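Once you know that position 30 of the sequence shown is 30 in the UniProt record's numbering, the rest is easy, because the numbers rise by one and skip nothing.
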Amino acid sequence: MSVRQAIWGEKQGAIEASLKEVDEDLFRYIRDFAYEEVLARPGLDLKTRELLAITALIALGSPKELATHLEGALRVGATEEEVREAILQSALFLGFPRALAAMKLFHKVLKGRGPAHPREG
């Protein structure tokens, strides 16, 4: 399974189409370098990499990408509690407004996953 498939799950096709629409070359850089080279490196498991991505995207204020990686973290094995703790930790270094916005987005992501995904932790 590719890193993209592990993180994006059933949304892989839609995400790839959306990225290609923006720019084909940029899509290839994201696909080949970011996902299949950097994120596939040994040394950190994918769950840890996704938790790090969450904090970086909170810092950048990128809600669309943050939502993708909140879902991705859950897909690759992070518990709801671990994601929540990553968001809470970000408040110390990035500020409460960013953490609050991220937590609200996380709640939307959880609601979108439906009752088949009970709260973990």
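Cβ coordinates follow ideal geometry from the N, Cα and C atoms, glycine included. This structure is a prediction, so every number in the text was calculated from the model and none was measured.
Residue i burial status per 10 Å Cβ neighbour count (16 or more: buried)
i: Leu96; result: As written in the sequence, residue 96 is Phe, which differs from the Leu given in the question. With fewer than 16 other Cβ atoms within 10 Å, it is exposed.
i: Arg28; result: exposed
i: Ala102; result: buried
i: Val109; result: buried
i: Ala86; result: buried
Alpha-carbon to alpha-carbon, residue j and residue i
i: Gly13; j: Arg4; result: 10 angstroms
i: Val76; j: Met1; result: 12 angstroms
i: Ala40; j: Leu100; result: 30 angstroms
i: Arg84; j: Arg98; result: 13 angstroms
i: Ala53; j: Ala34; result: 12 angstroms
i: Gly121; j: Ala78; result: Bear in mind that the predicted position of Gly121 carries a pLDDT of just 43, short of 50, making it unreliable; the figure below should be weighed with that in mind. When rounded, the distance between both Cα atoms is 10 angstroms.
i: Val22; j: Ile30; result: 12 angstroms
i: Pro118; j: Lys111; result: With a pLDDT of only 45 at Pro118, under the threshold of 50, the placement of this residue in the model should not be trusted; the figure read from the coordinates follows. Cα-Cα distance, rounded: 10 angstroms.
i: Asp32; j: Leu44; result: 18 angstroms
Helix, strand or coil at residue i [DSSP, three-state]
i: Met103; result: helix
i: Asp45; result: coil
i: Gly77; result: coil
i: Pro118; result: Caution is warranted here: a pLDDT of 45 is assigned to Pro118, below 50, making its placement in the model unreliable, and no coordinate value can be reported.
i: Asp23; result: coil
i: Leu39; result: coil
i: Gly72; result: helix
i: Gly13; result: helix
i: Ser2; result: coil
i: Ser62; result: coil
i: Gly95; result: coil
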